[in-house]
Amino acid sequence: MAKLVVFTVALTPRTRVQRCTFHAFSQVKRYTTTRPKLQAGRELYLIARDLMGIETLHQAELWVERYLDWCGFWADFLEDRTVVDGRRVYTHERLRRARSSLSSLVSAGTLFTYLDPALAKAGPLPSTNNMIEGGVNSQLRAVLRNHRGLTSVKRVKAVFWWCHAHSGDARTAREKLAAMPTDADIDFLFSVYSASPSREDGGPEWGDRAVWEDLHHRDPYPFWLD
Numbered sequence: 000m001a002k003l004v005v006f007t008v009a010l011t012p013r014t015r016v017q018r019c020t021f022h023a024f025s026q027v028k029r030y031t032t033t034r035p036k037l038q039a040g041r042e043l044y045l046i047a048r049d050l051m052g053i054e055t056l057h058q059a060e061l062w063v064e065r066y067l068d069w070c071g072f073w074a075d076f077l078e079d080r081t082v083v084d085g086r087r088v089y090t091h092e093r094l095r096r097a098r099s100s101l102s103s104l105v106s107a108g109t110l111f112t113y114l115d116p117a118l119a120k121a122g123p124l125p126s127t128n129n130m131i132e133g134g135v136n137s138q139l140r141a142v143l144r145n146h147r148g149l150t151s152v153k154r155v156k157a158v159f160w161w162c163h164a165h166s167g168d169a170r171t172a173r174e175k176l177a178a179m180p181t182d183a184d185i186d187f188l189f190s191v192y193s194a195s196p197s198r199e200d201g202g203p204e205w206g207d208r209a210v211w212e213d214l215h216h217r218d219p220y221p222f223w224l225d
């Protein structure tokens, strides 16, 4: 699915992206657990959980302020290091990764796209991808599950073909095939988006799920913590 999202955004660079707020919270929960032992972890867990209850731009602004306050208050604490096997490593590495997962999304401006008045003129927009998960992603997973053993290129082609077949496009199968990306196109995208350096936040890589923070290069909230 990540391949399809990357290819779509590459073709339509002005596409607005909304990061599923539930998955943003789940990424933090993955590192803090539901019962963090540290006070910093408990606070960050609650901040991330509150993402799913934001319904106005004002609430979004207050959330960002609250998150930035947390980052500033615990900045020195998260710089603590411990010597392990002769190497100095961050003492609270998992908490740092939780922080980085949110910081990248805030910097990319993909957490509150659903609140943009210009986009929500026709009605409220979803803040999660529940509809996509049930109607599209689960179907794509079923296709790949039923055709185990496909190469990476053929897996991408299977996803594209399923999307073409369910798009309502009136073109013939021959015409649809002619519009699909070639092996060279897929290999190029794979080489570009799989060559990223190791990620401190433990975020998803190519072939896992969409790396949302990599889809935009301008930062509405330009701040970096590391």
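Residue numbers (numbering that gives the first Met the number 0): 0 to 225.
All C-beta atoms in this analysis are idealised placements derived from N, C-alpha and C, irrespective of residue type, glycine included.
So the alpha helix (DSSP H) V105 belongs to, where does it begin and stop?
E92 to A107
Express the C-alpha separation of M51 and C19 in angstroms, rounding to a whole number.
9 Å
From the DSSP output, in three-state form, read off V82 for me.
strand
For L176, which of A23, W161 and L61 has the nearest alpha-carbon?
W161
Boundaries (first-last residue) of the alpha helix (DSSP H) holding A117
No alpha helix (DSSP H) holds A117; DSSP gives it neither H nor E.
Anticipated Cβ contact below 8 Å, S126 with Q17, distance rounded
7 Å
Threshold first: 4 residues or longer. Then list the alpha helix (DSSP H) segments lying entirely within the region 139-172, N to C.
151-164
Quick check on the burial criterion: 16 or more other C-beta atoms within 10 angstroms. Buried or exposed for R144?
exposed
If I follow the unbroken alpha helix (DSSP H) through A74, where does it start and stop?
Run containing A74: none; DSSP gives neither H nor E here.
Per the contact definition of three or more C-beta pairs closer than 8 Å, is the region 161-172 in contact with the region 54-62?
no
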